[in-house]
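Structure record follows, encoded as structure tokens.
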Amino acid sequence: MIDKTVPSVAAAVADIPDGASIAVGGFGLCGNAMALIEALLAQGTKDLRVVSNNCGVDDWGLGVLLAAKRLRKMTSSYVGENKEFERQFLTGELEVELTPQGTLAEKLRAGGSGVAAFFTQTGVGTQVAEGGLPRRYAPDGSVAVASPPKEVRTFHSRGAEREFVLEEAITTDYAIVHAALGDTHGNLVFHRSARNFNPLAAMAGRVCIAQVERLVPAGEIDPDAVHLPGVFVHRIVEVGEVEKRIERRTTREDD
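Taken in order, the sequence shown gives residues -14 to 240; the numbers are from this note's numbering.
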């Protein structure tokens, strides 16, 4: 029997060092591992290289680490809701590797599956394939670091010759994810859309740390209900009910 539970979020992230790479689940503010993020903030870990769909907002999600200047690099697909993110990127304080959303998801999945790289049509004919996307700016506004060109090959696909760009898989030192339910063996169940990038991030991390709202003994979760097998999870900590913020609320008057 393998009990993967740890007593606190502080203990769960205690060995994450400065400069570590971390895959972080969540989409917008949905499914954020907020308790683990706050534990990293309290611990003082810095120079982190984070792979996540986005970087939260100015005061929530990964945005709290960003505001404290604990992030060195972000690999993301969407960064439009965080003004501090924009400021740090444009002033050269933060390196950003923009990646198409589906490509980012597959890079994480491939990394967790032991696939070194794959070809995709996404990005062909753009700077994604040709290189030159700014990754870091210099203080004077010039491009200090740009993305390199990627290999492009032609394959016969769907009845025609088509170009595909080679994308390398992503693996990270750690992963932090949020789930609604977990058992002591690390099997996880996500709640609806909070599933998003969480399973993929978990797979990509060499050490995956999961926070769960409810923890149950091994065997209590129906195997058919498991979204992520415990083989991908190394530590699990119960955090109880968590605050769930809405990234942007739009309302209108009734007709």
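Even for Gly, the Cβ is constructed at its ideal location relative to N, Cα and C. Please read all numbers here as calculations on a predicted model, not as lab measurements.
Could you pull the DSSP bridge partners for residue i from this structure?
i, result
"residue 15", "12"
"residue 7", "35, 159"
"residue 168", "201"
"residue 30", "Residue 30 is not bridged to any residue."
"residue 47", "None; residue 47 has no bridge partner."
"residue 213", "173"
"residue 182", "Answer is none; residue 182 lacks a bridge partner."
"residue 221", "-10, 195"
"residue 190", "157"
"residue 58", "34, 80"
"residue 230", "Note: residue 230 sits in no beta bridge, so no partner."
"residue 147", "140"
Just to check my reading of the structure: residue i and residue j have Cβ atoms closer than 8 Å, yes? What is that Cβ distance to the nearest angstrom?
i, j, result
"residue 33", "residue 57", "6 Å"
"residue 86", "residue 38", "7 Å"
"residue 218", "residue 171", "3 Å"
"residue 181", "residue 11", "7 Å"
"residue 61", "residue 81", "7 Å"
"residue 153", "residue 139", "The Cβ separation is near 19 Å, so there is no contact."
"residue 46", "residue 22", "7 Å"
"residue 259", "residue 123", "This structure cannot settle anything about residue 259, because the visible part of the chain is limited to -14 through 240."
"residue 24", "residue 42", "So it is not a contact: roughly 19 Å between Cβ atoms."
"residue 69", "residue 90", "Wrong, their Cβ atoms sit about 25 Å apart, outside the cutoff."
"residue 168", "residue 203", "5 Å"
"residue 74", "residue 151", "About 26 Å separates the two Cβ atoms, so there is no contact after all."
Report the three-state DSSP secondary structure of residue i (helix, strand or coil).
i, result
"residue 237", "coil"
"residue 20", "helix"
"residue 137", "strand"
"residue -5", "helix"
"residue 53", "coil"
Between residue i and the ligand NAP, is there a pair consisting of the residue's CB and a ligand heavy atom that are separated by less than 7 Å?
i, result
"residue 227", "No copy of the ligand NAP appears in this structure; indeed no ligand is present at all."
Exercise. Would you call the stretch 153 to 167 and the stretch 6 to 26 in contact, with 3 or more CB pairs under 8 Å?
Worked result: Result yes; three or more Cβ-Cβ pairs closer than 8 Å.
Problem set entry | Start-end ranges of the beta strand (DSSP E) lying completely within the stretch 60 to 134, minimum 3 residues | Whole beta strand (DSSP E) segments, 3+ residues: 80 to 83, 102 to 105, 119 to 122, 128 to 131.
Problem set entry | Segment contact flag, the stretch 195 to 206 with the stretch 218 to 227, C-beta cutoff 8 Å, min 3 pairs | With a cut-off of 8 Å, the stretch 218 to 227 and the stretch 195 to 206 count as touching, because enough Cβ pairs lie within range.
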